[in-house]
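Student: Note that the protein sequences, when read in sequence, are chains E and R.
Counting from 128, one number per residue, gives the positions in the first sequence under the numbering used here.
Counting from 6, one number per residue, gives the positions in the second sequence under the numbering used here.
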Amino acid sequence: KTNQGSGDQTTQLLSRPRLQELVREVDPTVQLDEEVEEMLLQLADDFIDTTLNAACSLAKHRHAPTVELKDVQLHLERQWNMWIPGFGNDELRP
Amino acid sequence: GTQIRSIKDEYLVPMGIMQNRVKAVIGKHGLEDASAEVSSLVCHAVHERLKNLLEKLAVVAQQRSDLLIKT
Numbered sequence: 128k129t130n131q132g133s134g135d136q137t138t139q140l141l142s143r144p145r146l147q148e149l150v151r152e153v154d155p156t157v158q159l160d161e162e163v164e165e166m167l168l169q170l171a172d173d174f175i176d177t178t179l180n181a182a183c184s185l186a187k188h189r190h191a192p193t194v195e196l197k198d199v200q201l202h203l204e205r206q207w208n209m210w211i212p213g214f215g216n217d218e219l220r221p
Numbered sequence: 006g007t008q009i010r011s012i013k014d015e016y017l018v019p020m021g022i023m024q025n026r027v028k029a030v031i032g033k034h035g036l037e038d039a040s041a042e043v044s045s046l047v048c049h050a051v052h053e054r055l056k057n058l059l060e061k062l063a064v065v066a067q068q069r070s071d072l073l074i075k076t
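#1: Would you kindly report the start and end of the unbroken alpha helix (DSSP H) that includes R:V51?
#2: Flag E:T129 as yes if its beta-carbon sits less than 8 angstroms from any beta-carbon of chain R, otherwise no.
#3: Quick one: which chain E residues come within Cβ less than 8 angstroms of R:V65?
#4: Go ahead and label R:E37 buried or exposed: buried means 16 or more other beta carbons lie within 10 angstroms of its beta carbon, across all protein chains shown.
#5: Is it true that the segment 174-186 of chain E meets the segment 62-71 of chain R, where meeting means three or more beta-carbon pairs spaced less than 8 angstroms apart?
#6: Report back the beta-carbon spacing between R:R69 and E:F174 to the nearest angstrom; my notes put them in contact at under 8 angstroms.
#7: Tell me E:Q193's beta-bridge partners as DSSP assigns them.
#8: Take the Cβ of E:M166 as the centre, count every other Cβ of all protein chains shown within 10 Å, and call the residue buried at 16 or more, exposed below.
#9: Would a C-beta distance cut-off of 8 angstroms place E:V157 and R:K56 closer than the cut-off?
#10: Within a Cβ cutoff of 8 angstroms, which residues of the same chain sit near E:G215, ignoring the five residues on either side of it in sequence?
#11: Using Cβ-Cβ distances below 7 angstroms, what residues of the segment 133-166 of chain E are close to chain R?
#12: Name the chain E residues that come within less than 8 angstroms of R:E53, Cβ to Cβ?
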C-alpha cells in the first residue's frame, strides 16, 4: 500500500451503522457480509483521500493558495463522470 | 444569492470528521484551509459513489442467486 492514503489518520470517516442505513435505503432486502462491509468502508475512505489529493494537485496547478469547489468538481467529473448539483454556479454547466 | 438544493442535506460522513480530514490533506499539500462547501461536496460525492456501488452489488447478488435456483 502506498503512503498516499489516509496513512497517519486512522479515524474512519464512515461508520458501520451509517453504511447499513445506506444499504437499507438502496435495497432493504440486501444483506452485506462483514468482509464486504469492511471493503466498502475502505473504499469510501480511499475515494475521499484520492478526491482530496487530486483536488489539491489541481489547485496547485492553477497556482491557487487553496482548494476551491471547482477543483473537486473537475476531478469528480473527469474521474467518475459525476456531477453533484447545488454547488457553486450550476449555470456554468453546458 | 439563492441556492436550490435538490439533495437533502444529510451527510453520510459527519461534517466535523470530514472537515478534519480535508484540513489534514490540504495541510499536507501546504495549502490554506478550504471553505466548508468543499467538505460538503466531498460528502455528497462519497454518498453518490457508495450508492452506485451498492446498486450494482444488489443486481449482481440477485443474478447470482437466480442462477443458483435455476441449476
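The beta carbon of each residue, even a glycine, is placed where N, CA and C say it ideally should be.
Tutor: Reading it off the structure:
#1: A41 to K75
#2: Since pLDDT at E:T129 reaches only 42, below the 50 mark, its modelled position is unreliable, and no value is offered.
#3: Residues of chain E passing the Cβ test: none, with the nearest at roughly 11 angstroms.
#4: exposed
#5: no
#6: Actually they are not in contact, since the Cβ atoms of R:R69 and E:F174 sit about 25 angstroms apart, beyond 8 angstroms.
#7: For the record, residue 193 of chain E in the displayed sequence is Thr; it is not Gln. DSSP, once it has assigned bridges, lists R:E37 as partnering E:T193.
#8: exposed
#9: no
#10: L196, K197 and Q200
#11: Q136, T138, L140, L141, R145, L149, V150, V153, D154 and V157
#12: M209 and I211
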